[in-house]
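Take the sequence shown: its position 61, counting from 1, is numbered 835 in the working numbering, and each next residue is one higher.
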Amino acid sequence: MKFTVSRYEILLRGLRVRCPNCGGRPIFRNWFHLHHRCPQCALELARGDGFFLGAMVWNYGLIVFGCLPILVGLFFVGWINGTVLAVLSLSAGLLLPVVLYPWAWSLWLMTYFLALPNELPANAEADTEAGAEETV
Ligand SMILES: [Zn+2]
């Protein structure tokens, strides 16, 4: 199936914290508040109860599998000692969830629409048009 918004575009928009449907921005009112709907295309971004859990998983994953292995690696090669490792790990655990919050949300939206690209209104319209052409 050919989509109007390709998976590659969804990926790029997710990495750049843009709306997966139209590529518009900002998708955040401020650092901590995602717009309920995209200001440009009205795509529902906060898609109901529990949808935020995906962003939490991304946030947790970025820290646990992205940052902490680097710190532990620095400890094992001897560049930092145990005290510095503990301080940096605690600091990363407390600060990075805040710093990464918008990016984690964007990555979650990207993941969701990469899995279900036909749920984007732009792709649904193309799907409907293709279906109408087939029936004519
Ligand atoms: Zn949009």
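C-beta: ideal position from N, C-alpha, C; glycine also.
Quiz item: Is N804 closer than 9 Å to A878 when the C-beta atoms are compared?
Solution: Not in contact: A878 and N804 (Cβ atoms no closer than 9 Å).
Quiz prompt | Segment contact, 8 Å Cβ cut-off, at least three pairs: the region 792 to 809 with the region 819 to 835 | solution = The region 792 to 809 makes contact with the region 819 to 835, as at least three CB pairs between them are under 8 Å.
Quiz item: For the beta strand (DSSP E) that F887 lies in, which residues bound it at each end?
Solution: No beta strand (DSSP E) holds F887; the alpha helix (DSSP H) holding it covers 875 to 889.
Quiz prompt | Which of helix, strand or coil DSSP assigns to L869 | solution = Assignment of L869 by DSSP, reduced to helix, strand and coil, places it in the helix class.
Quiz item: Taking the alpha-carbon positions, what's the A866 to E899 distance?
Solution: Rounded to the nearest angstrom, the two C-alpha atoms are 43 Å apart.
Quiz item: When you compare only the Cα positions, how much space is there between K776 and G828?
Solution: K776 and G828 have their C-alpha atoms roughly 27 Å apart.
Quiz item: Would you call the region 777 to 785 and the region 881 to 893 touching, i.e. three or more CB-CB distances under 8 Å?
Solution: As far as the Cβ criterion goes, the region 777 to 785 touches the region 881 to 893, which means the pair count is three or higher.
Quiz prompt | Whole-angstrom distance between L845 and L881, CA atom to CA atom | solution = Rounded to whole angstroms, the separation of the alpha carbons of L845 and L881 is 23 Å.
Self-check item: Pairwise C-alpha distance: T885 and R790
Solution: Cα to Cα, R790 sits roughly 13 Å from T885.
Quiz item: Is the beta carbon of G797 within less than 8 Å of some heavy atom of ligand 1?
Solution: Yes, the beta carbon of G797 sits closer than 8 Å to at least one heavy atom of ligand 1.
Quiz item: Does the beta-carbon distance from L883 to P794 come in below 9 Å?
Solution: The criterion of a C-beta distance shorter than 9 Å is satisfied by L883 and P794.
Quiz item: Comparing alpha-carbon positions, which option in I784, L870, A816, A896 lies nearest F839?
Solution: Between F839 and the set I784, L870, A816, A896, the nearest pair of CA atoms involves L870.
Quiz item: What are the start and end residues of each continuous alpha helix (DSSP H) run of 4 or more residues lying completely inside the region 820 to 849, in chain order?
Solution: Entirely contained in the region 820 to 849, the alpha helix (DSSP H) runs reaching 4 residues are, in chain order, 826 to 835.
Quiz item: Span of the alpha helix (DSSP H) holding R790?
Solution: DSSP places R790 outside any alpha helix (DSSP H), giving it a letter other than H or E.
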